[in-house]
Amino acid sequence: MSLEISQAFADAILEQSRAEYPDECCGVILGPVGSGKALRHKPMLNAAHSPTFYEFDSKDLLALYREADDNDEEIVVIYHSHTETEAYPSRTDIAYAGEPGAHYVLVSTRKEIAPATEFRSFRIVDGVVTEEPVTISG
Amino acid sequence: MSIEVRIPTILRPYTKDQKSVEAAGATLSAVITDLDANYAGLGERLLENGALRRFINVYVNDEDVRFLGGLDAQLKDGDSITILPAVAGG
């Protein structure tokens, strides 16, 4: 298991995390069903507007799944930012992880490592977190 | 009374991998009881202490059931229910 993602998407996610700081940012990358390819980036609104929590708006969530269905797409990546802690799934992230097939990407913009950033990917299945390598391609 | 219920990936182990199942009931509560009778264990994944779980979203047609009376939401023949896990975390 590993995640392959374009440099442009990785940059866009980090850019979004800085733009929405101090709130956590979130979004998805979709790809054709069964392909596992992260091809279409869709930033989402953090309806919680919080530095310690994120949640897709309920209507946005339904629209997202409908749209994916209509396009024969699935959610390949679900990402969010941690603003003050490392890019590792929190207990809440693990408790609410509802897409066993998705790559859960965490980015961190915490001050201790600035100007560097972290960009990591995990599988979260039945409460078990497994980190996976990330390949960022041109 | 037949209601289509769309099942998210994470709950498909309960429905033998079916994306969509049929259920019966005049309210959401009745539909969940019916679902649990046919797909044992599904009810518990949707309810906690008799209420809908906070991080499970249920829609009737296009509307979140929280705005339709929750478990008391009234259903009619041909309605479609969609269950989606919230995308959320800390």
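Heads up: the protein sequence lines correspond to chains A and B, in order. The opening position of the first sequence corresponds to residue 1 in the numbering used here, with each subsequent residue numbered one higher. The opening position of the second sequence corresponds to residue 1001 in the numbering used here, with each subsequent residue numbered one higher. All C-beta atoms, glycine included, are put in the ideal place defined by N, C-alpha and C.
- Here B:R1066 is exposed, its C-beta having fewer than 16 other C-beta atoms within 10 Å.
- As for any beta strand (DSSP E) of minimum length 3 sitting wholly inside the stretch 14-89 of chain A, the runs are 26-32, 40-44 and 73-82, ordered along the chain.
- Sixteen is the threshold: since fewer than 16 other Cβ atoms of the shown chains lie within 10 Å of the Cβ of B:R1054, the residue is exposed.
- Note on geometry: alpha-carbon atoms of A:T130 and A:R123 lie some 5 Å from one another.
- Burial of A:I5 is indicated by the presence of at least 16 other C-beta atoms within 10 angstroms of its C-beta.
- The Cβ atoms of A:T117 and A:L14 lie closer than 8 Å to each other.
- Think of a sphere of 8 Å around the beta carbon of A:P100: the chain B residues whose beta carbon falls inside it are T1009 and I1010, in chain order.
- The C-beta separation of B:V1021 from B:T1015 comes to about 5 Å, placing the pair in contact by the 8 Å criterion.
- Annotated three-state conformation of A:E99 is coil, per DSSP.
- Distance from the CA of A:M1 to the CA of A:M44, rounded to the nearest whole angstrom, comes to 25 Å.
- Taken through DSSP and simplified to helix, strand or coil, A:S121 comes out as strand.
- The C-beta of B:V1021 comes no closer than 8 Å to any C-beta of chain A.
- With a cutoff of 8 Å on beta-carbon distance, B:V1060 and B:A1051 are scored as not near each other.
- Contact between A:L106 and A:P89 holds, since their C-beta atoms are separated by about 6 Å, short of 8 Å.
- In this structure, A:E99 keeps its C-beta atom at 8 Å or more from the C-beta atom of A:Y54.
- Across the set A:Y21, A:Q16 and A:L3, the C-alpha of A:Y21 shows the shortest separation from the C-alpha of A:K111.
- Counting of Cβ neighbours within 10 angstroms places A:H82 among the buried residues, the total reaching 16 or more.
- Using a Cβ-Cβ cut-off of 8 Å, A:L30 does not count as an interface residue toward chain B, since no Cβ of chain B sits closer than that to its own.
- With a threshold of 8 Å between beta carbons, A:H80 makes contact with chain B.
- Put simply, the CB of A:S58 is near chain B, with a gap under 8 Å to one of its CB atoms.
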